[in-house]
Amino acid sequence: MAFDIPKTRAYMHLDTVFTMVDYDQFTIFHKIESPLDVYSIRKGSSDHLQITYEADDLSAILKKYLHLPAVNLIPCGNGDPIAAGREQWNDGSNTLAISPGKVVCYNRNYVTNEALRQNNIEVLEFESYELSRGRGGPRCMSMPLVRENLH
Numbered sequence: 001m002a003f004d005i006p007k008t009r010a011y012m013h014l015d016t017v018f019t020m021v022d023y024d025q026f027t028i029f030h031k032i033e034s035p036l037d038v039y040s041i042r043k044g045s046s047d048h049l050q051i052t053y054e055a056d057d058l059s060a061i062l063k064k065y066l067h068l069p070a071v072n073l074i075p076c077g078n079g080d081p082i083a084a085g086r087e088q089w090n091d092g093s094n095t096l097a098i099s100p101g102k103v104v105c106y107n108r109n110y111v112t113n114e115a116l117r118q119n120n121i122e123v124l125e126f127e128s129y130e131l132s133r134g135r136g137g138p139r140c141m142s143m144p145l146v147r148e149n150l151h
């Protein structure tokens, strides 16, 4: 899958606006949903890539490719546009999933963190006074090199 997110400083990387937090749940900053273009990429004949534009909405695309009956998009700021904007600036959607349904988040994104908890996601918070000033959330600041197979 390839996600063509809007090209603005506020949406620097996909994980700043959209992050998988469980097998079927994702955090999302609401302003990327309608301008978001999604493409599927497959190996075609003769080692060429077959790129297909996905015309469905994001939930339908995720259900299709993850083979799930449903997905849950948890909005940054819990759907409140003021909280979403504030917490997006502080990397509210940039969570670090350390196992399915368990994430590490900045404590300053209290509205988004509560929305995650309401959706049965275990939230481990830490203070982010200086870290958040550097413009990167917990996921951006980690780079797992080796992961255990969870299946």
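Residue 1 is where the sequence shown starts when you use full-length UniProt numbering, and the numbers rise one by one after that. Just so it is clear, CB atoms sit at the ideal spot from N, CA and C, and this is done for glycine as well.
Exercise for the section: Give a yes or no on whether the C-beta atoms belonging to T8 and F29 are separated by under 9 Å. Expected result: The Cβ-Cβ distance between T8 and F29 does not fall below 9 Å.
Practice task
With DSSP as the reference, label D24 as helix, strand or coil.
Solution key: DSSP, read as helix, strand or coil, puts D24 in coil.
Practice task
Output the boundary residues of the beta strand (DSSP E) element that contains I74.
Solution key: First-last of the beta strand (DSSP E) with I74: 72 to 75.
Exercise for the section: Could you tell me how far apart the beta carbons of V104 and L124 are, in whole angstroms, since I believe they sit closer than 8 Å? Expected result: Sure, about 5 Å apart at Cβ, within 8 Å.
Practice task
Please state whether DSSP places A2 in a helix, a strand or coil.
Solution key: Of the three classes helix, strand and coil, the one that applies to A2 here is strand, per DSSP.
Practice task
Using alpha carbons as the reference points, say which of K102, L49, S34 lies closest to D4.
Solution key: That would be S34, whose Cα lies nearest to the Cα of D4.
Problem - DSSP three-state assignment for D47, whether helix, strand or coil - result: In the three-state scheme derived from DSSP, where H, G and I count as helix and E and B as strand, D47 is classed as helix.
Problem - Alpha-carbon spacing of I98 relative to I121, whole angstroms - result: Cα-Cα distance, rounded: 11 Å.
Handout entry: Close beta carbons around K102, own chain, < 6 Å, minus the five adjacent residues each side
Key = Excluding positions up to five away in sequence, the list reads E122.
Handout entry: Boundaries (first-last residue) of the beta strand (DSSP E) holding A97
Key = For A97, the enclosing beta strand (DSSP E) stretches over residues 96 to 99.
Problem - Burial state of residue 154, where buried means 16 or more other Cβ atoms lie within 10 Å - result: Nothing in the structure corresponds to residue 154, since the chain is present only between 1 and 151.
Practice task
Below 8 Å on the Cβ atoms is my guess for R117 versus N90; work out the distance and round it to an integer in Å.
Solution key: Contact check for R117 and N90: beta-carbon distance about 18 Å, past the 8 Å limit, so the pair fails to qualify.
Problem - Own chain, CB closer than 8 Å to K63, minus 5 neighbours either side, in chain order - result: Excluding residues within five positions, the ones whose Cβ falls inside 8 Å are P69, A70, V71.
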